[in-house]
Amino acid sequence: MNNYKLFVFIAVFCGFLTGCNPKSKGLEVKINQDHLCVFTNNSKTYYGLDNTFLIYLGKIDYNKDFKSTYEKLYTNVPLPIDEKNCVAIPLKEIERNIAYEIILDTNKSFHTSICLIDDDNKLEVRYIEPGKSTCN
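Take the working numbering: the final residue in the sequence shown is number 137, and no numbers are missing along the way.
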């Protein structure tokens, strides 16, 4: 009987911890001239420690550990809540027709998976379904 109580306690405790973990939120991505414009579109976005936030991205490859190909730490600048205050990622940092994960860490983690599609010299942002690693 004691093993059963211990099992129930552990199950409830783990469920509590899982329920309290902040879930990742989505990001909006648009193309503006020579950069991607990334923002949360979420009014409940707040700064992390020391009024900072971090943006980073990397190619999606589920066979390898995530490796950031671009990152930048922002301090004491407006939060990228809307398009007017978006974070700029230079287009030169992103290969065309390759899947990327973009992550914005504030007090929460926001992310999205995209491809930058080059269709007859017209660039387009294409969102990728969770779990996918290709632009098709």
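Virtual Cβ for every residue (Gly too), placed ideally from N, Cα, C. Every value quoted in this text rests on a predicted model; they were computed, and no experiment measured them.
Original post:
What residue ranges within the region 48-130 form continuous beta strand (DSSP E) runs of no fewer than 3 residues, ordered along the chain?
Top reply: 53-60, 71-76, 88-91, 100-106, 110-120, 123-128
Original post:
Could you give the residue range of the beta strand (DSSP E) that holds L28?
Top reply: Counting along the chain, L28 falls outside any beta strand (DSSP E), and DSSP gives it neither H nor E.
Original post:
Touch check for the region 111-125 and the region 69-79: three-plus C-beta pairs under 8 Å?
Top reply: no
Original post:
From F54 to N43, what does the alpha carbon distance come to, in whole angstroms?
Top reply: 15 Å
Subject >> Per-residue DSSP class, three states only, for C38 >> reply: strand
Original post:
Just how far apart, CA to CA, sit V126 and D35?
Top reply: 13 Å
Original post:
Among the residues of its own chain, which have a CB less than 8 Å from the CB of P131, if the five just before and after it don't count?
Top reply: S114
Original post:
Would you say T41 and P91 are within 8 Å of each other, going by their C-beta atoms?
Top reply: no
**OP:** Have a look at V39, C87, K65 and flag the residue whose alpha-carbon is nearest the alpha-carbon of H112.
**Re:** V39
Subject >> Beta-carbon contacts of F17 that lie in its chain and below 8 Å, excluding the five residues immediately before and after >> reply: In this predicted model, F17 has a pLDDT of only 38, less than 50, meaning its place in the structure is not dependable; the value taken from the coordinates is given anyway. Result list for F17: empty, nothing under 8 Å.
Original post:
Where K85 and N64 are concerned, what is the direct C-alpha to C-alpha distance, given to the nearest angstrom?
Top reply: 37 Å
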